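Everything below concerns the one structure shown next.
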Ligand SMILES: [Zn+2]
Ligand SMILES: [Zn+2]
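Residue numbers (my numbering), protein chains in the order written: chain V, 4 to 173; chain B, 39 to 379.
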């Protein structure tokens with residue numbers, strides 16, 4: 004069997020990659036395998052596949068352009084990359100399905116940078132977590148409840164730190 | 039100063055290294071491919087200025103313009119996991135911030151404006167994340183990263199949205215590979231939101247049974263949960279690998295013969311191809327971990343694994359040598375390191 008990457012040398016190894024639970028097998032020659040491996044440490048999961056899946060969902064030619072960077076949906080689909088931060092707003096309706104398919108979620112729950120962290124945001128997050136905590140307790144899911152309790156404690160500590168920081172600054 | 043891969047760390051019999059990477063973009067600039075050469079260089083300067091105040095003890099930072107480096111030097115950095123192949127291939131206006139021990143590398147003007155990376159030997163997700171997080175805070179306070187309340191950190195590729203965190207461990211799995219259990223493992227970890235990748239052949243490993251396990255999802259999961267998940271799965275894989283190694287040892291004479299031959303090759307070969315080097319190193323590492331070979335430190339084994347790539351062995355010559363010459367230099371380097379260890 005010929006290598007599926009270069010199509011020239013004889014394939015000597017099998018390369019598996021699993022994306023969202025589906026494994027894909029590729030046969031490679033030893034040189035391509037090594038290059039692939041070297042890249043593997045850095046390479047991410049190209050958007051191409053995900054965008055490809057939803058290709059039929061797009062209008063074939065849309066003239067919409069990002070007012071900030073000029074990117075079009077067609078360009079984003081081809082490269083798998085958006086042009087600027089504003090693109091996520093501009094193309095929110097077109098991208099939201101893809102984003103949810105990739106991550107199985109649509110809302111960030113991780114770190115909030117201190118520069119855009121306001122007490123309101125933190126308090127919103129804390130009350131959201133408290134609702135989930137009440138539900139976990141009601142469901143007797145104690146492992147999850149303990150994890151949520153930790154998260155709430157961390158955020159409350161963060162909130163307090165921010166407040167103290169502000170008082171000092173003032 | 040010792041290199042990052044010479045630190046002692048837990049689980050080094052199976053885990054070669056840990057890597058934490060954060061993808062970040064400056065809110066006020068268009069993303070990577072849409073930056074002009076001038077804008078790229080401006081960003082390089084801003085990053086350098088932002089990092090001038092940070093205190094890292096003796097571990098000083100160097101600011102390296104990729105344009106000023108030899109191609110072979112850049113390729114060596116790829117082999118040592120400091121930069122991505124794409125970053126090395128297109129040096130135009132790109133900056134690498136590299137700490138003296140190599141544990142910190144920040145790629146400026148990669149796919150995202152910044153790729154902040156911390157490497158650690160063995161299994162050390164928490165330590166690596168803490169340092170990476172600190173660098174993130176310092177850079178954010180100076181540069182202002184693109185962040186959205188709903189989508190989190192905004193990245194050029196939507197696959198990195200949210201935390202922008204890719205946490206990875208490099209695993210050495212000769213036992214599972216010999217038992218042909220890797221593809222089953224790939225299916226299992228895929229269902230747990232992780233991905234494992236590597237190369238393997240029928241019977242013998244082409245790249246020394248090295249596999250990378252990393253988180254796949256960055257939106258809707260906290261950094262802590264993503265890393266805990268990775269750590270838990272890693273612990274299970276370590277257990278399976280240890281069982282697989284025990285199973286291999288049932289045929290003790292055959293295994294010992296293989297290990298000692300590999301040991302002999304590394305200590306005596308006059309010509310050593312990259313492939314043979316990685317394969318024999320893999321057996322020797324396993325033999326040392328199983329105490330079937332004389333002790334060699336993981337620091338030495340890591341050094342040999344990371345510094346024997348084609349570009350790394352030619353780095354001092356300033357150009358890529360012909361394959362035969364490369365194999366000669368590689369063999370000499372391996373013999374010397376083993377003699378001195
Ligand atoms: Zn090939
Ligand atoms: Zn845009």
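All residues carry an ideal CB built from backbone N, CA and C; glycine is no exception.
This one's a predicted model, so the numbers in the text were calculated from it and none came from an experiment.
Does the CB of residue i have a neighbour CB from chain V at under 7 Å?
i                      : result
residue 101 of chain B : no
residue 260 of chain B : yes
residue 91 of chain B  : no
residue 194 of chain B : yes
residue 230 of chain B : no
residue 255 of chain B : yes
residue 184 of chain B : yes
residue 197 of chain B : yes
residue 188 of chain B : yes
residue 205 of chain B : no
residue 380 of chain B : Outside the shown range of chain B, which is 39 to 379, sits residue 380 of chain B, and nothing can be said about it.
Is the separation between the beta-carbon of residue i and that of residue j shorter than 7 Å?
i                      : j                      : result
residue 350 of chain B : residue 322 of chain B : no
residue 69 of chain V  : residue 101 of chain V : no
residue 95 of chain V  : residue 86 of chain V  : no
residue 139 of chain B : residue 42 of chain B  : yes
residue 253 of chain B : residue 205 of chain B : yes
residue 182 of chain B : residue 65 of chain B  : yes
residue 331 of chain B : residue 325 of chain B : yes
residue 139 of chain V : residue 148 of chain V : yes
residue 247 of chain B : residue 160 of chain B : no
residue 137 of chain B : residue 155 of chain B : no
residue 251 of chain B : residue 234 of chain B : yes
residue 207 of chain B : residue 232 of chain B : no
residue 60 of chain B  : residue 170 of chain B : yes
residue 108 of chain B : residue 356 of chain B : yes
Please confirm whether residue i has its beta-carbon closer than 7 Å to some beta-carbon of chain B.
i                      : result
residue 111 of chain V : yes
residue 181 of chain V : Residue 181 of chain V is absent from the model: chain V starts at 4 and stops at 173.
residue 84 of chain V  : yes
residue 118 of chain V : yes
residue 129 of chain V : no
residue 102 of chain V : yes
residue 58 of chain V  : Here the model assigns residue 58 of chain V a pLDDT of 38, short of 50, so the residue's position is not dependable, and the following value carries that caveat. No, because no Cβ of chain B sits closer than 7 Å to the Cβ of residue 58 of chain V.
residue 24 of chain V  : For residue 24 of chain V, the predicted structure reports a pLDDT of 49, less than 50, and the residue's modelled location is therefore unreliable. A value from the coordinates is still provided. So, interface residue.
residue 87 of chain V  : yes
residue 30 of chain V  : no
residue 155 of chain V : no
residue 108 of chain V : yes
residue 6 of chain V   : no
Rounded to the nearest angstrom, what separates residue i and residue j at their Cα positions?
i                      : j                      : result
residue 193 of chain B : residue 106 of chain V : 14 Å
residue 344 of chain B : residue 100 of chain B : 20 Å
residue 239 of chain B : residue 12 of chain V  : With a pLDDT of only 34 at residue 239 of chain B, under the threshold of 50, the placement of this residue in the model should not be trusted; the figure read from the coordinates follows. For residue 239 of chain B and residue 12 of chain V, the distance between alpha carbons rounds to 15 Å.
residue 147 of chain B : residue 67 of chain V  : 27 Å
residue 83 of chain V  : residue 333 of chain B : 48 Å
residue 45 of chain B  : residue 108 of chain V : 37 Å
residue 260 of chain B : residue 112 of chain V : 6 Å
residue 125 of chain V : residue 80 of chain B  : 34 Å
Would you list the residues sitting across from residue i in a DSSP beta bridge?
i                      : result
residue 232 of chain B : B:253
residue 200 of chain B : B:190 and B:191
residue 5 of chain V   : V:13
residue 209 of chain B : B:53 and B:249
residue 61 of chain B  : B:153
residue 220 of chain B : None; residue 220 of chain B has no bridge partner.
residue 134 of chain B : B:102 and B:145
residue 158 of chain B : B:56
Ligand 3 heavy atoms versus the CB of residue i: any closer than 6 Å?
i                     : result
residue 65 of chain B : Ligand 3 is absent from the structure shown, which contains only ligand 1 and ligand 2.
At a cut of 8 Å, does the segment 309-318 of chain B reach the segment 285-296 of chain B through at least three beta carbon pairs? no
Assess, as a yes-or-no matter, whether the segment 273-285 of chain B is touched by the segment 211-220 of chain B under the definition of 3 or more beta carbon pairs within less than 8 Å. yes
Does the segment 68-77 of chain B come into contact with the segment 158-175 of chain B, if we say contact requires no fewer than three beta-carbon pairs (one atom in each stretch) closer than 8 Å? no
Pair every Cβ in the segment 263-279 of chain B with every Cβ in the segment 43-63 of chain B, then say whether three or more of these pairs are closer than 8 Å. yes
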